[in-house]
Amino acid sequence: MLRRVLGGILLAALSLCACQVLIGIEERSVADGGNDASLVFEDASVSCDADTTRCGSACVDTEFSGEHCGRCGHSCLGAVCRFGACVPEVALEIRSSGAVWAYGHELLLRSVPGTDSGAADGTLVAFDTLTTRTTRPLGRAGRYLDVEIEGDEAFLIEHEPTQVRRLNLQTGASAVLYRQPNLDPAFRKIVISGDELFWTTRDDVRAMRRDGTGYRILKTVTEGSFGGSPGLLVDSSWVYFGIEDEPLIMAVSRDGGIGQVVDTSRTAPEKGLQGAAIAMRWEDRMLWWSYKEIRSLPFDGGAALSIATTAEVPHGGARDDRYVYFGDVFKSDGNAARILRYDPATRAVTVVVSGLKDLANVAVVGDWLYYAAFGGSVYRVAK
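Numbering (the numbering used here), first residue to last: 191 to 573.
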């Protein structure tokens, strides 16, 4: 018990240090690897004391066990377990603009020459997570980058210049499909649906075919004061999008129109629910993250469900076959970002790792979650 009390005091003291991206981060090589623990079945005949947990036939301290970190069977894959959470490790020493995207066993990110994550002279690189050290350049990438990947092809929206670009991820060959003559309105989010591309801007919702033809504005966003939010989903008939500074989720026909509000469960004065920062499809429903809440909406109509709350500002999510992962950033505290795991089956939200300085989004590659600090390195932590 004394060890737990002392450990809690140590953790509180360490949290005051802002010079590390994570409390007690281990600067270790990801090449050390590690194996996930096999399924653990409890042995009822084993009796453990109050400071340990029965995992199979062993009594385990789940606060510091690398193979049973936080719970039985949760392996840190060779990384350190500290106070029941796997400690992230540096996967790639690089200066990045913060966002990462999964492409097979590779990770796409925008490399910048210095600590300015918004520098205009960035380069898109592919980081091979299997070799742990290899990167290959894929050409210049503008600021405020968003990437949508299908097969070996990526579609990018960029700022400076403000454009939509197609990129072959194997060869690096690219073609500009649409370039806006002015920097504004800034592009926010891009989605592929069939042979068409859809994207939101600060002013409107746009679309064109994947070959660059058929460009059109589907709707001018008059709701709110700052236009469309990054949240964007598309089905066979409708384009769903959020409003930056209002708690509204809207839809417009793929052919264009005035649009309509599809979630009337929230009203404009509820500013704490504004933003619709992340949108994701899960089976026959849409998941939407606002600044304080995760909402679930059916595609075919019906009531919205409030299924979980978030602390402050959600940052880009990713998913595997079972869970959804996303960043949760406290704007008022520069050392309080965290990664959360949401289970759609149970609606439970659990903390994967906390005490991060910042992060832009999360990517899933194999058994790992990857993220990058703005202007800093790429990290990984076991799922």
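For each residue, glycine too, the CB sits at the ideal point set by N, CA and C.
Keep in mind the model is a prediction, meaning the values are calculated, not measured.
C-beta atoms of residue i and residue j nearer than 8 Å
i       : j       : result
Ser-443 : Arg-378 : no
Trp-478 : Gly-432 : yes
Val-568 : Leu-282 : yes
Asp-394 : Val-411 : yes
Ala-498 : Arg-537 : yes
Tyr-532 : Val-539 : yes
Asp-318 : His-349 : no
Buried/exposed call for residue i, threshold 16 Cβ in 10 Å
i       : result
Asp-385 : exposed
Ile-448 : exposed
Gly-506 : buried
Val-429 : buried
Val-236 : exposed
His-264 : buried
Trp-291 : buried
Lys-573 : buried
Lys-521 : exposed
Gly-288 : buried
Ser-480 : buried
Val-211 : Caution is warranted here: a pLDDT of 34 is assigned to Val-211, below 50, making its placement in the model unreliable, and the coordinate value is therefore given only provisionally. Looking at its Cβ environment, which holds 16 or more other Cβ atoms inside 10 Å, Val-211 is buried.
Trp-472 : exposed
Gly-421 : buried
Ser-301 : buried
Backbone CA spacing between residue i and residue j [nearest angstrom]
i       : j       : result
Arg-356 : Cys-238 : 58 Å
Leu-320 : Asp-557 : 12 Å
Ala-467 : Pro-504 : 7 Å
Ala-550 : Arg-392 : 19 Å
Cys-262 : Gly-402 : 51 Å
Tyr-561 : Arg-285 : 12 Å
Thr-324 : Val-280 : 14 Å
Ser-228 : Phe-516 : In this predicted model, Ser-228 has a pLDDT of only 41, less than 50, meaning its place in the structure is not dependable enough to derive any value.
Asp-518 : Cys-271 : 21 Å
Glu-343 : Gly-329 : 14 Å
Lys-248 : Gly-274 : Residue 248 is actually Ala in this sequence, not Lys. Each residue's alpha carbon lies about 17 Å from the other.
Ala-526 : Val-554 : 21 Å
Gly-545 : Leu-559 : 16 Å
Pro-371 : Ala-331 : 18 Å
Thr-146 : Ala-376 : One cannot answer for residue 146 here, as it falls past the ends of the chain, which runs 191 to 573.
Asp-336 : Leu-530 : 22 Å
Val-571 : Pro-278 : 5 Å
Gly-566 : Gly-491 : 43 Å
Ser-205 : Lys-547 : With a pLDDT of only 36 at Ser-205, under 50, the local geometry of the prediction cannot be trusted, and the value read off the model is given with reservation. So the two alpha carbons sit approximately 11 Å from each other.
Leu-359 : Val-250 : 45 Å
Ser-455 : Ala-494 : 7 Å
Asp-425 : Ser-383 : 7 Å
Ser-496 : Thr-390 : 25 Å
Thr-242 : Thr-252 : 7 Å
Pro-534 : Phe-489 : 16 Å
Arg-400 : Asp-511 : 28 Å
Asp-306 : Ile-484 : 31 Å
Contact belief for residue i with residue j at Cβ below 8 Å, rounded distance in angstroms
i       : j       : result
Ala-316 : Tyr-293 : 7 Å
Ala-309 : Pro-303 : 6 Å
Met-398 : Leu-367 : 7 Å
Val-452 : Met-440 : 6 Å
Leu-299 : Phe-345 : Not a contact, Cβ separation roughly 17 Å.
Ile-407 : Ile-380 : About 15 Å; that fails the 8 Å criterion.
Cys-276 : Val-543 : 7 Å
Contact with chain B by residue i, beta-carbon distance below 8 Å
i       : result
Ser-544 : In summary, chain B is missing from the structure at hand, where a single protein chain is found.
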